[in-house]
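The listed protein sequences correspond, in order, to chains V and W.
For reference, each letter of the first sequence is one residue, going 0 to 179 in numbering that gives the first Met the number 0.
For reference, each letter of the second sequence is one residue, going 0 to 179 in numbering that gives the first Met the number 0.
Number of protein chains: 2
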Amino acid sequence: MRQLDLSKAFTLIEPGPVVLVTTHDGEKDNIMTISWTMVMDFTPVFAITTGEWNHSFAALRQNRECVIAIPTVDLLDKVIGIGTSSGADTNKFAKFKLTPVPARLVRPSLIKECLANIECKVIDIVEKHNIVVLEAVAAHIDSARKEKRTVHAVGDGTFIVDGRKIDRKKMMASKLPAGI
Amino acid sequence: MRQLDLSKAFTLIEPGPVVLVTTHDGEKDNIMTISWTMVMDFTPVFAITTGEWNHSFAALRQNRECVIAIPTVDLLDKVIGIGTSSGADTNKFAKFKLTPVPARLVRPSLIKECLANIECKVIDIVEKHNIVVLEAVAAHIDSARKEKRTVHAVGDGTFIVDGRKIDRKKMMASKLPAGI
């Protein structure tokens with residue numbers, strides 16, 4: 000994995016893929032699967048929605064750090080396994096044969112098998128809505144990886160795989176942030 | 000367009016497509032293009048991020064209603080045109096040859112040409128983060144439409160079209176909301 004310029008990190012979340020979020024509770028790593036994410040600005044700042052029902056939420060609230068890892072379609076069954084089991088009784092890195100890699104600026108681990116990893120700090124929790132606001136502090140991408148297609152949860156148990164890409168850079172020029 | 004059960008409406012937003020949001024300022028309709036959306040619960044409640052820089056935001060704040068319309072890939076150039084022009088000086092329904100259809104429970108219009116339309120009420124605005132929290136009150140879908148593929152903004156001027164669908168309903172059974 001090589002470092003990815005932070006100004007480009009929002010492009011990993013903007014398309015709305017299912018992501019993995021790693022946390023660390025002071026003793027051990029955990030992973031959750033989420034689809035409820037949103038870009039909030041280009042620097043980048045992200046929102047995720049999670050709450051008390053989620054075992055990772057306590058670690059996120061206490062440790063105030065996480066890593067957003069971007070899995071690709073070849074990892075879908077692991078992603079679903081992670082999303083349908085609980086860190087309360089499962090070491091998910093071991094169970095799903097994923098490799099934790101030390102992050103640069105936060106305590107939770109990167110996931111080696113993912114296309115990209117974004118190290119984040121919690122900058123706010125909007126308690127009323129269970130929204131966790133995250134600021135990215137470092138990002139990494141595995142450019143050598145052949146499979147780059149992410150998946151999008153529909154919410155009914157089906158998933159949509161990335162299809163073809165359409166280039167509209169010229170039409171979009173006035174709206175793109177600098178350096179992208 | 001036929002009515003869509005509200006309990007299924009979150010499945011239109013969960014995959015993270017680019018959406019159009021219509022507002023009404025008391026005098027006229029407007030449309031904006033956004034990619035910064037998030038499901039917050041299945042009832043459904045959604046978040047969108049927008050702010051003072053956006054002409055629609057004033058109408059949304061004042062009128063507290065909008066429609067989230069889901070465009071498909073055949074509408075991409077209109078979607079980009081809407082996103083790169085301002086309602087301050089443009090009648091976007093006219094300019095982009097889209098047909099406003101009266102909504103059932105809110106004042107902003109549905110967009111006839113879209114795959115689906117979700118009527119929403121603003122239930123909160125988290126000022127600190129420019130997050131608008133929306134509750135859906137009615138939803139409509141054009142099931143007869145052949146083109147159903149949505150598009151996902153990458154944020155660099157490229158867009159990813161929906162590819163194939165993978166069924167994991169059995170694996171996901173424990174996590175799906177009732178009636179989906």
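All residues carry an ideal CB built from backbone N, CA and C; glycine is no exception.
Can you list, in chain order, the residues of its chain with a C-beta nearer than 8 Å to that of residue i? Leave out the 5 residues immediately preceding and following it.
i, result
"W:L175", "K168"
"V:I79", "T32"
"V:D4", "A138, G178"
Compare the Cα-Cα distances from residue i to each of the options and report the closest residue.
i, options, result
"W:S142", "W:G80, W:V150, W:V125, W:K111", "W:K111"
"W:G151", "W:I130, W:A138, W:F41, W:G15", "Strictly speaking, residue 151 of chain W in this sequence is His, with Gly absent from that position. Of the listed residues, the one whose Cα sits closest to W:H151 is W:G15."
"W:H54", "W:A46, W:P107, W:A87", "W:A87"
"W:K94", "W:W52, W:K77, W:L59, W:T71", "W:K77"
"W:L97", "W:D73, W:I122, W:K120", "W:D73"
"V:V105", "V:K147, V:T49, V:N62, V:E126", "V:N62"
"V:G50", "V:V17, V:N129, V:V125, V:V100", "V:N129"
"W:V136", "W:E118, W:S84, W:G156", "W:E118"
"W:R32", "W:P99, W:T157, W:L75, W:R144", "Correcting the residue identity first, residue 32 of chain W is Thr in this sequence and not Arg. Out of W:P99, W:T157, W:L75, W:R144, W:L75 has the C-alpha closest to the C-alpha of W:T32."
"W:L11", "V:A177, V:S173, V:D155, V:R163", "V:D155"
"V:I159", "W:L3, W:E13, W:A8", "W:E13"
"W:V153", "V:E26, V:G25, V:F41", "V:F41"
"V:F56", "V:A177, V:E134, V:K145, V:E126", "V:E126"
"V:E146", "V:T48, V:M0, V:P70", "V:P70"
"V:W52", "V:S85, V:D123, V:M0", "V:S85"
"V:Q2", "V:P43, V:T48, V:R103, V:T89", "V:R103"
Looking only at its chain, what residues have a beta carbon closer than 6 Å to the beta carbon of residue i, apart from the 5 residues adjacent to it on each side?
i, result
"W:I30", "L19, T21, I81, K91"
"W:A68", "L19, I110, C113, N116"
"V:D161", "R148, T149"
"V:V37", "Looking at the sequence provided, one finds Met at residue 37 of chain V rather than Val. Taken in chain order, the residues that qualify are A46."
"W:I124", "V131"
"V:E134", "V44, K120, I122"
"V:T48", "W35, N129, I130"
"W:M0", "H139, D141"
"V:G25", "none"
Assuming residue i contacts residue j under a Cβ cut-off of 8 Å, what Cβ separation, rounded to an integer in Å, is found between them?
i, j, result
"V:S6", "V:I140", "Contact doesn't hold; Cβ gap of about 13 Å is too wide."
"V:V132", "V:L59", "At roughly 11 Å, the Cβ-Cβ gap does not stay under 8 Å, so V:V132 and V:L59 are not in contact."
"W:W35", "V:M39", "7 Å"
"W:K164", "V:T157", "5 Å"
"W:A8", "W:A172", "About 21 Å separates the two Cβ atoms, so there is no contact after all."
Can you list the residues of chain V that residue i reaches, using a CB-CB cut of under 9 Å?
i, result
"W:I179", "G154, D155, G156"
"W:I104", "A quick correction: the sequence has Leu, not Ile, at residue 104 of chain W. None at all; the shortest Cβ gap to chain V is about 23 Å."
"W:L175", "G154, D155, G156"
Spell out the partners DSSP gives residue i in its beta bridges.
i, result
"V:R88", "According to the sequence as given, residue 88 of chain V is Asp; it is not Arg. DSSP, once it has assigned bridges, lists no residue as partnering V:D88."
"W:H247", "Outside the shown range of chain W, which is 0 to 179, sits residue 247 of chain W, and nothing can be said about it."
"V:T10", "Paired residues: none, contrary to the question."
"W:P99", "W:I110"
"W:T48", "W:I130"
"W:L19", "W:T32, W:A68"
"V:F158", "V:A152, W:I165"
"W:V38", "W:F45"
"W:D73", "Answer is none; W:D73 lacks a bridge partner."
"V:V125", "V:I130"
Given residue i, which residues of its chain have a CB within under 7 Å of its CB, disregarding the five upstream and five downstream residues?
i, result
"W:P107", "T21, T22, H23, D28, E64, C65, V66"
"V:A177", "none"
"V:V100", "S108, L109, K111"
Name, please, each residue of chain V whose Cβ falls closer than 8 Å to the Cβ of residue i.
i, result
"W:M0", "Neighbours of W:M0 on chain V: none; closest Cβ ~20 Å, over 8 Å."
"W:G162", "R148, I159, V160, D161, G162, R163"
Who are the neighbours of residue i on chain V, taking C-beta pairs under 7 Å?
i, result
"W:R144", "Under the 7 Å cutoff, chain V gives no residues; its nearest Cβ is about 17 Å from W:R144."
"W:I79", "R167, M170, M171"
"W:P14", "G15, H151, A152, V153, I159"
Could you name the residues of chain W that residue i contacts, counting a contact when the two beta carbons are closer than 8 Å?
i, result
"V:A46", "M37, A46, T48, H128, I130"
"V:L19", "Those within 8 Å of V:L19 in chain W number zero; the least Cβ separation is about 15 Å."
"V:L75", "I165, R167"
Would you mind telling me which residues of chain W sit closer than 9 Å to residue i, beta carbon to beta carbon, in chain order?
i, result
"V:V125", "V125, K127, H128, I130"
Run through chain W and tell me which residues come within less than 7 Å of residue i, C-beta to C-beta.
i, result
"V:G82", "K174"
"V:F9", "G154"
"V:S34", "E13"
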